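Each number in my numbering corresponds to the 1-based position in the sequence shown with 82 added. Every residue, glycine too, gets a C-beta built ideally from N, C-alpha and C. None of the values given here were measured: they were computed from a predicted structure. These notes concern the structure reproduced below.
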Amino acid sequence: MNKQELFENIKRKESFLCVGLDTDIQKIPSHLLKEEDPVFAFNKAIIDATAPYCIAYKPNLAFYESMGVKGWLAFEKTIQYLNKNYSDQFIIADAKRGDIGNTSAMYARTFFEEMQLDALTVAPYMGEDSVTPFLGYENKWVILLALTSNKGSHDFQLTTDTEGERLFEKVLRKSQEWGNDQNMMYVVGATQGRMFEDIRKIVPNHFLLVPGIGAQGGSLEEVCQYGMNSTCGLIVNSSRAIIYADSTESFAVVAGEKAREVQQQMAVQLKRL
C-alpha cells in the first residue's frame with residue numbers, strides 16, 4: 083500500500099486507528115480455549131468487529147512467538163484472513179527487527195514476501211546496512227523506532243551530544259538519507275506530548291506510528307494538535323483498551339464499540355485538515 087492509498091483510506095473511514103493484536107492466550111475470554119486455535123478465533127472476532135472503524139492492524143510478534151509453532155500458525159492465519167477479507171487494511175508486523183545486512187534481508191523476505199505484510203517495525207541501532215534491506219520493496223514500509231513511550235526511552239533516546247542534538251533527532255535526520263516519506267515511517271509514543279513539535283520540524287511529511295493511546299495514558303487530542311500534518315500523518319495504535327475491554331462472550335461486540343468511540347474522536351480531529 084502506498085502513501086496516497088493509505089491517506090485515501092483515512093479520509094474514507096474518517097479514522098487513523100490501528101488496532102494492536104497483542105493477543106495473550108492467558109487474557110482472552112475463557113470460552114475460546116475450547117477452540118482448535120483460540121488465538122486465531124479471538125483475532126478473527128476482533129477483526130470482524132473493529133474493521134469498519136480502523137485502517138490498520140498491528141500484531142505484536144512477541145505474543146505469537148511465545149507460543150512456538152502454534153503461535154506462528156495463528157499469526158499466519160491472522161495475516162491470511164486480513165489479506166483475503168480486508169485487503170484495504172494496512173498490516174504492520176510489530177517485530178522490531180534490525181541486524182547486519184544479510185540477516186535483515188532474510189527478515190525482509192519473511193515479512194514482505196512470505197507473509198505479505200505492508201510494514202515492519204525496525205530498530206535503527208545498527209545503522210544504515212541494517213535498515214536498507216527492508217527498503218527495497220515497492221509499496222512496503224519500514225517503521226523506524228524514534229522516540230518511544232516507555233520509561234527507558236530516557237536512557238538513550240533523549241541523551242544529547244556535545245552540540246545538543248538528542249539521539250532520537252539524530253536517528254530522524256540520518257535515516258532520511260536511506261529512505262523517504264514514501265517508504266519510511268517513525269514510531270513516536272503518544273505520551274511524548276509536545277515533543278511531536280520537535281519531531282515535525284525534522285520529518286514534516288512522514289507518517290508516524292503512535293502507540294500509547296488508551297491503557298498507556300496518551301492523549302489523542304495532544305497527539306493530533308502537535309503531530310498531525312496535511313495528509314494526517316498519523317497512525318494511532320490502541321491495543322489493550324480495545325481488545326481486552328471485555329472478557330465475556332460479548333468481547334468482540336464491546337471491542338467494536340470501543341473502536342467506534344475512538345474512530346468518532348478521530349473524525350473530529352480530521353476536520354482540521
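Between the Cα of residue i and the Cα atoms of the options, which residue gives the shortest distance?
| i | options | result |
| --- | --- | --- |
| T105 | K252, N165 and S320 | S320 |
| T230 | V270, G309 and K95 | V270 |
| I281 | G300, L254, A272 and L291 | L254 |
| E259 | P293, T242, V285 and E245 | V285 |
| Q108 | Y326, A334 and G338 | Y326 |
| E279 | P293, E251 and V101 | E251 |
| E87 | K222, E245 and T244 | K222 |
| L202 | G209, F238 and L217 | L217 |
| Y139 | V224, G102, L240 and N125 | G102 |
| G275 | A127, A133 and E304 | E304 |
| P415 | K353, M266 and I173 | Only positions 83 to 355 of the chain appear in this structure, which leaves residue 415 out of reach. |
| K283 | A272, P293, N311 and L227 | N311 |
| G209 | H288, S257 and V224 | S257 |
| I225 | V344, H236, E245 and V292 | V292 |
| A228 | D243, K178 and I137 | K178 |
Answer with yes or no whether the minimum CB distance from residue i to chain D is below 8 Å.
| i | result |
| --- | --- |
| E118 | Looking at the structure shown, chain D is missing, and only one protein chain is on hand. |
Taking the straight line between their C-alpha atoms, what separation do you get for residue i and residue j?
| i | j | result |
| --- | --- | --- |
| T214 | N84 | 18 Å |
| R342 | Y135 | 6 Å |
| E96 | A349 | 5 Å |
| K166 | Q198 | 11 Å |
| L290 | C314 | 9 Å |
| T192 | N91 | 26 Å |
| S169 | A337 | 21 Å |
| I295 | Y146 | 22 Å |
| K116 | K152 | 15 Å |
| S186 | E196 | 14 Å |
| G234 | L240 | 10 Å |
| T132 | V318 | 14 Å |
| L164 | A156 | 12 Å |
| K353 | V344 | 15 Å |
| V204 | F238 | 17 Å |
| D200 | N287 | 19 Å |
| S329 | A323 | 12 Å |
| L249 | P111 | 42 Å |
| G150 | D130 | 26 Å |
| N232 | G300 | 11 Å |
| K93 | T244 | 43 Å |
| E220 | F194 | 10 Å |
| L355 | I137 | 18 Å |
Does the separation of the CB atoms of residue i and residue j fall below 8 Å?
| i | j | result |
| --- | --- | --- |
| Q346 | C306 | no |
| F98 | T160 | no |
| L316 | G309 | yes |
| H29 | E331 | The structure shown does not extend to residue 29, since the chain spans only 83 to 355, so no value can be given for it. |
| S212 | D263 | no |
| D119 | P141 | no |
| A334 | I128 | yes |
Which residue marks the beginning of the beta strand (DSSP E) containing residue i, and which one marks its end?
| i | result |
| --- | --- |
| A203 | The question names Ala, but residue 203 is Thr in the sequence shown. Run containing T203: A201 to V204, per the beta strand (DSSP E) assignment. |
| C100 | L99 to L103 |
| F172 | F172 to R179 |
| I386 | An answer regarding residue 386 cannot be provided, because it is not within the stretch 83 to 355 covered by the chain. |
Using three-state DSSP, classify residue i as helix, strand or coil.
| i | result |
| --- | --- |
| M197 | coil |
| V285 | coil |
| N125 | helix |
| A228 | strand |
| K140 | strand |
| G300 | strand |
| N311 | strand |
| W260 | coil |
| L355 | coil |
| M266 | strand |
| L240 | coil |
| I324 | helix |
| R276 | coil |
| Y295 | Residue 295 is actually Ile in this sequence, not Tyr. Correct three-state label for I295: strand. |
Which stretch, first to last residue, makes up the alpha helix (DSSP H) that contains residue i?
| i | result |
| --- | --- |
| M348 | F333 to L352 |
| I107 | Here I107 belongs to no alpha helix (DSSP H), and DSSP marks it neither H nor E. |
| L217 | No alpha helix (DSSP H) contains L217, which DSSP labels as neither H nor E. |
| T160 | V151 to N167 |
| S148 | First-last for S148: undefined, no H or E at that position. |
| Y189 | G183 to A190 |
| N84 | Note, N84: premise wrong, no alpha helix (DSSP H); not H, not E. |
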